[in-house]
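Line order of the protein sequences matches chains A and B.
According to this note's numbering, the residues represented by the first sequence are 1 to 117, in order.
According to this note's numbering, the residues represented by the second sequence are 1001 to 1108, in order.
Backbone N, C-alpha and C define an ideal beta-carbon position, used for all residues, glycine too.
A short write-up of the structure that comes next.
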Amino acid sequence: GAVVSQHPSRVICKSGTSVKIECRSLDFQATTMFWYRQFPKQSLMLMATSNEGSKATYEQGVEKDKFLINHASLTLSTLTVTSAHPEDSSFYICSARDLRTDDYEQYFGPGTRLTVT
Amino acid sequence: DAKTTQPPSMDCAEGRAANLPCNHSTISGNEYVYWYRQIHSQGPQYIIHGLKNNETNEMASLIITEDRKSSTLILPHATLRDTAVYYCIVRGTYKYIFGTGTRLKVLA
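Structural data, given as structure tokens:
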């Protein structure tokens, strides 16, 4: 149980276009999902916290107008990178919390590698 | 949330125990210690977590010092597939703040 999927696993887009990444909890409901970004040989950096039915909370320094997050249901959150530029190329990872548990364990998706040309 | 400090890299011989240390000297009484690992180009995988007591599961053991300022993750019989970056996280609020992790290389 507790499986999180991401789609697509890899995407290449041209500079100036927008890209949407989906994060789904497959066998559990998640009120809260998290989005991270990871550059090569670096650690994961939390970008934002996504709560079902409400606005996302962004970490300091993350542009909310550039990284649009929507959490419309208990099993789906989306991250849209708007007007992408080469410096947005990165590995984007989502995670989700299971409603059923009292602890705060997060289950991570496999990640999406974005390349902006 | 408390910060963690881990050695940047470690080697371990296959079949031997891998002991990965983590310092979290500013941890508060209600903050948990979590361990995850990340194999290249994949999402992090949960290993184990604990509050005060030592914990063991099918993957690993977690030893937390009595003052809770440090912990050690033990992989009892490391295999080549355990080569990964291991992250120690102290969670107080709902967020995980990842440190730099330890890159463990298991040698044949």
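Residue-level contact check: B:Pro1007 does not touch chain A, since none of the beta carbons of chain A fall below 7 Å from its beta carbon. Its chain contains Ile1089 as the residues whose beta carbon lies nearer than 6 Å to that of B:Tyr1096, once the 5 sequence neighbours on both sides are disregarded; these appear in chain order. In this structure, the beta-carbon distance from B:Ser1025 to B:Lys1069 falls below 7 Å. Put simply, the backbone Cα of B:Ile1039 is about 13 Å away from that of A:Phe91. Taking a 10 Å sphere around the C-beta of B:Asp1011, we find fewer than 16 other C-beta atoms and assign the residue as exposed. For A:Leu26, the closest alpha carbon among the candidates A:Ser77, A:Ser89, A:Arg113 is that of A:Ser77. B:Glu1066 has its alpha-carbon roughly 45 Å from the corresponding atom of A:Arg10. Residue environment: B:Tyr1086 is assigned as buried (16 or more neighbouring CB atoms within 10 Å of its CB, all protein chains considered).
Per DSSP, reduced to three states, the secondary structure at B:Glu1014 is coil, with no helix or strand assignment.
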